[in-house]
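Colleague:
In my numbering, the protein residues as written are 1 to 136.
(1) Nearest to residue 40 by alpha carbon, out of 92, 99, 68 and 124?
(2) Assuming contact is defined by CB atoms lying nearer than 8 Å, are residue 88 and residue 53 in contact in what I supplied?
(3) What runs of the alpha helix (DSSP H), each 4 residues or longer, lie entirely inside the segment 54-86?
(4) Looking only at its own chain, which residues have a Cβ that is under 8 Å from the Cβ of residue 78, when we skip the five neighbours before and after it?
(5) Spatial neighbours of residue 58 within its chain, please: CB distance less than 6 Å, with the 5 preceding and 5 following residues excluded, ordered by chain position.
(6) Bridge partners of residue 50, per DSSP?
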């Protein structure tokens, strides 16, 4: 019985530590993506938004980063870019039903999802899609 209590106590301490670390990591709100805007702000500022959901360690996500940063550098006055690391912000990932990385969700100027794409996407294709949507 004492052994079970000891194991339960160890598990409880580990769970508490992981929760503390999870909250500490998820409250930084920052992104190392150039030109990125926090998702909540992007969806309410009246401009269309490209929301990238991925992880900093994901190879296709790393390949998408310079493409989306270039697009926002060129068209940042017309649209927002937001990046959410789904391994840190698991609640946001669940809210938007993200199951694969990277996932790009395109939101209109009212913050409503218009379309989404999963996987790597060349810059020309992203730009063509933005034009198709009337975002550019």
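Glycine residues also receive a C-beta, built at the ideal position from the N, C-alpha and C atoms.
Modeller: Short version:
(1) 92
(2) no
(3) 59-75
(4) 47, 48, 135 and 136
(5) 101
(6) 81 and 106
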